[in-house]
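Undergrad: Can you read through this structure? Questions will come right after.
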Amino acid sequence: MLSVTHSNFTNSGATTNSGILINTKGIINVQLNNNTFTNNPVAHVAVLWGEKNNHETNNTLFNSGTFKVEDQQKLKILY
């Protein structure tokens with residue numbers, strides 16, 4: 001489980017290649033609640049895996065990307 005609560009993210013993510021500020025890919029039970037995102041030059045603050053109990057609530061976005069929820073995500077299988 002990953003829980004991020006009552007945090008501030010400002011001027012972050014400028015050098016990310018993925019365009020995503022918080023990488024939650026493959027994590028089950030992600031909770032992003034009551035955070036503030038300000039001036040983050042990314043396309044998405046987070047891409048959440050909706051079918052795996054990943055949620056965002058009561059977050060404030062100023063000049064930052066958006067939250068995106070996907071029902072299905074492609075994952076790489078490593079052996």
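Going by full-length UniProt numbering, the first residue of the sequence shown is number 1, and it counts up by one from there. Glycine is no exception: its CB is placed at the ideal position from the N, C-alpha and C atoms.
Alpha carbon to alpha carbon, how far is Val69 from Thr57? Give it in angstroms, no decimals.
TA: As a first step, residue 57 must be located in the sequence shown, where it is residue number 57. As a first step, residue 69 must be located in the sequence shown, where it is residue number 69. Looking at the two C-alpha atoms, the distance is approximately 12 Å.
Undergrad: Does DSSP put residue 81 in a helix, in a strand, or in coil?
TA: Residue 81 lies beyond the stretch modelled for the chain, which goes from 1 to 79, so this question has no answer here.
Undergrad: Would you mind reading off the limits of the beta strand (DSSP E) that contains Thr5?
TA: Taking the sequence shown and counting its residues from 1, the one referred to as residue 5 is at position 5. From DSSP, the beta strand (DSSP E) with Thr5 extends over 2–5.
Undergrad: In chain order, which beta strand (DSSP E) runs of at least 3 residues are fully inside the region 10–72?
TA: Listed in chain order, they are 20–22, 30–33, 36–38, 44–49, 55–57, 60–62, 66–70.
Undergrad: Considering only residues of the same chain and omitting the five flanking positions on each side of Asp71, which have a CB-CB separation below 7 Å?
TA: As a working mapping, residue 71 is identified with position 71 in the sequence shown. Counting only Cβ-Cβ distances below 7 Å, and skipping sequence neighbours, we find Gly50, Glu51.
Undergrad: Going by Cα to Cα distance, which pick from Ser18, Asn23, Thr10, Asn39 is closest to Leu48?
TA: On the sequence shown, position 48 is the one that residue 48 refers to. For the residues Ser18, Asn23, Thr10, Asn39, the minimum Cα distance to Leu48 belongs to Asn23.
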